[in-house]
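Structure first, commentary second.
Okay, structure coming up:
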């Protein structure tokens, strides 16, 4: 790709990554969540594939596969966390520990990052999964059938 | 012959679907609301999340999300399986 | 005309089916499936609209709001979108492999499995 | 064991997620892990079945609630996803468990490491978990999600042999059909949600009154599920999929298709059982089933691709089940309706055993010879002794030759169908005779004749997997009464009179 | 171990005993067979209506049902055309099935 595209990519890259991370992190407070933020970051992968070609990223293929499995495992293990009561029980909500604060006051409020129990953790697990999953789909499709893939 | 049959079936199906859209409750005035009313009123207290949609996605209907994550994983594994390098 | 969103989404579903029975290119068939998916998603998400409702999020919600839009259809649509994405990805992968084998994407020519 | 229903679904999912990671460490660890997951799933699934059959009441598990039985709020309506396992669900769960366990066991020696064994095993576990979820769930949208899990995992498995041109084609076609079926289900879920603001099957069943929209939703659900069950005008994906799938996937696909018939029963008898279960639907299902039997058997006669031949046999058996279900709906209140349902439900496990055995043998032949073209095979009986015996057994059971298991269930289907409509029964019997011809012709063509080539016999693991199914064929053939009394009758009761107890188990009161 | 259908019943054990009895009778009849039959002589040679078969001739799998397939040919040809393998047909027939089921539910 041309110099312009490469330069613009370099400028956009950190912004998009930060925005994706923000969307994932604030999933329980603002519109968005693991899937949406993951898709934003995965679009960065797509951009890189378009700009630099899939061959330069083929080292990431194995990493993506591992991260995908790790994300899915983390998600299902978080669901197993509640097995003392029921599967998928949100045991961390209201427990007072990490992410265990109750909502400051019911009704409209500014929001507190430290709330919602397992939800933020699940958002991260799903986000990781979506980044790795979509990234590896894009990468695999771009690499298929090429000698250098 | 076959074309006419498919065309007729298509028209009947679309007719019924559009009819279903018209028969449904008027847009913006849902007929019943007990489940969603419950979510809107209690999600903040039960899940401690400000975003009601997220509390449904990951708590009330978390099993759906597990299924959805599984679908995505199955698709990625499937793509990796289909596009893998094999003999020949 | 109050139900226009439902009708439009159903028309979208119908257009997807039309593409599936009239087109022959595998990529276009995949697009047809996607169009149906989008129609269904539109249908689902429009089911939960409440007149004058705001997004079902309490962070900095305007105090004294009257209604909130139903959250369930949004959650369902989110799930359905990801499922649709997964389906599309897998179908495209199959289309790529079929093209590799046959050198064509014409569904009329890809019919070794008949009889 | 309170958590058994959800663990039976979550454990294979966990196993499938962790499998590729373990495969990076050590292949042996991966195989041990897969085997351990399979054993755990079997334990939990059987625990569910034992609890349900022992107590006689549906088992309810609410996901994410303070306690598994807290399925409703104070207002008396369910908001969380529930798993509900009644006798029918437990029975279908056993079929799914059997298919998955046999398929997985077979795959250990059937799959080749260089051809993607890790990914194949992972997908097989996902498909297994998907079928179990499909069967156990009591929530309509969750049902759709599991439908999609099974369709994606199944289609990826169908395209397993990507180095050949035919499997990707079959996978693409099946993918289109499965996705459309899932979307039709989703449209009808949307319609029902829009009408009643509920997604729980029991609660919806209580609310449904039979309006025009309910009818539209039922029609869409019926269409989608009949397609998934392989009913005639839309059955064409089935021979493609079964014929090209690797053997261990084909047997799980059979269980997947039967899960569609289970869902059909659930929709007609539980979801719409209160308002819309009309004889017209029963006649539709029964006549489609009969046409399916006839068309599939006639197509099987002219096949020369062995996989497709067995696949058409499998489709014809699904037609028998549809016929029985249809007669059961037509005569829901009468004695022979119950007999028909008994036959149809008993036929599910018999069909899995016989068709599954045939698929496994076809897989073994493909592995040994490399070809499944009927005209190029011959004389394999000299070397593949066990396989030839298993094939003959499977073909005879498929055709319903006494005293094998296929006859016991077909007997019930014929007898009850004859009372509903002699013509349908005559067609069914005639097709069964043709099916015997198909089986004999295939057996003759593959195994008899002079020895033409030297082939190695199958590894022991594959033979054991086939042997399990062969034992089921013989035992269920000789002692059908025991099984029918213990498991099939409760399942039929759960369909015919169980709607009230299903609703009560979920909604309380 | 019998299962009943309301009208008749099916008992595999009885069937097996009967089948064994029939087999025993058949075996007895077979024992009464011609004593002059000898292995390895021309009595073992295959023949077809009095003529010796040419070398290498055999009955293939497809020949078993040749007459049957021939009789059903018109039907089978139509069924073959029905299973065209064209994806558009698959979807079209799905639409037909869907419309049939919707109409049945709506009208009946």
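Chains as they are written, first to last, in our numbering: chain A, 26 to 174; chain B, 478 to 565; chain C, 6 to 120; chain D, -18 to 490; chain E, 8 to 115.
Virtual Cβ for every residue (Gly too), placed ideally from N, Cα, C.
Taking a Cβ-Cβ cut-off of 9 angstroms, the neighbours of residue 540 of chain B in chain A comprise 104, 112, 113, given in sequence order. The continuous beta strand (DSSP E) containing residue 63 of chain D extends over residues 63 to 66. At a C-beta separation below 7 angstroms, residue 322 of chain D has no neighbours in chain A, since its nearest C-beta there lies roughly 32 angstroms away. At a cut-off of 7 angstroms between beta-carbon atoms, residue 122 of chain A makes no contact with chain B. For the pair residue 113 of chain A and residue 539 of chain B, the CB atoms are nearer than the 7 angstroms cut-off.
Put simply, the backbone Cα of residue 20 of chain D is about 11 angstroms away from that of residue 85 of chain D.
Between residue 105 of chain A and the set D:105, D:-6, D:76, the nearest pair of CA atoms involves D:-6. Runs of the beta strand (DSSP E) lying entirely within the stretch 190 to 221 of chain D, each at least 3 residues long, are absent.
Short of 6 angstroms from the beta carbon of residue 318 of chain D, and not among the five residues preceding or following it, lie these beta carbons of its own chain, in chain order: 309, 312.
Taking C-beta atoms as the reference points, residue 22 of chain E and residue 384 of chain D count as a pair closer than 7 angstroms.
Identification of residues in the stretch 279 to 299 of chain D having a C-beta nearer than 9 angstroms to some C-beta of chain E yields 279, 280, 282, 283, 285, given in sequence order.
Sorting D:250, D:241, D:435 by C-alpha distance to the C-alpha of residue 363 of chain D places D:435 at the top. In the same chain as residue 220 of chain D, and ignoring 5 residues on each side of it, the C-beta atoms closer than 7 angstroms to its own belong to 289, 292, 293, 296, in chain order. Within the stretch 31 to 60 of chain D, the residues whose Cβ lies closer than 8 angstroms to any Cβ of chain B are, in chain order, 44, 45, 54, 56, 58, 60. Partner residues in a beta bridge of residue 18 of chain D, as assigned by DSSP, do not exist. Nearest to residue 475 of chain D by alpha-carbon distance, out of D:-15, D:33, D:42, is D:33. From the listed residues D:299, D:368, D:280, the smallest Cα separation to residue 387 of chain D is found for D:299. Runs of the alpha helix (DSSP H) lying entirely within the stretch 9 to 61 of chain C and spanning at least 4 residues, in chain order: 9 to 27, 31 to 52. In the DSSP assignment, residue 16 of chain E is bridged to E:11. For residue 84 of chain E, the closest Cβ of chain C is not nearer than 7 angstroms. Of the candidates D:349, D:398, D:413, D:400, D:413 places its Cα closest to the Cα of residue 277 of chain D. Counting along the chain, residue 138 of chain D sits inside no beta strand (DSSP E); it lies in the alpha helix (DSSP H) bounded by residues 121 to 139. In this structure, D:102 is the residue among D:90, D:102, D:214 with its C-alpha nearest to the C-alpha of residue 14 of chain D. Close CB contacts of residue 82 of chain C within its chain, under the 7 angstroms cut and outside five residues either way in sequence, are with 46, 49, 50 (chain order). Any Cβ of chain D closer than 7 angstroms to the Cβ of residue 33 of chain E would place that residue at the interface, and such an atom is absent. The three-state reading of DSSP puts residue 106 of chain C in helix, counting H, G and I together. Residue-level contact check: residue 64 of chain C touches chain A, since one or more beta carbons of chain A fall below 7 angstroms from its beta carbon. Nearest C-alpha to residue 237 of chain D among D:1, D:127, D:247, D:6: D:127. Residue 373 of chain D: member of the alpha helix (DSSP H) spanning 366 to 380, first to last residue. One alpha carbon belongs to residue 519 of chain B, the other to residue 275 of chain D, and they sit about 56 angstroms apart.
In its chain, beyond the 5 residues on either side, no residue has a beta carbon closer than 6 angstroms to the beta carbon of residue 95 of chain E.
Contact between residue 438 of chain D and residue 375 of chain D is absent: CB atoms are separated by about 18 angstroms, not below the 8 angstroms threshold.
Cα atoms of residue 50 of chain E and residue 327 of chain D: separation of roughly 49 angstroms, rounded to the nearest angstrom. Residue-level contact by beta carbon holds for residue 392 of chain D and chain E, with a gap shorter than 7 angstroms. Exclusion of the five residues before and after residue 562 of chain B leaves no residue of its chain whose Cβ lies closer than 6 angstroms to its Cβ. With a beta-carbon spacing of about 20 angstroms, residue 117 of chain D and residue 162 of chain D fall beyond the 8 angstroms limit used to define contacts.
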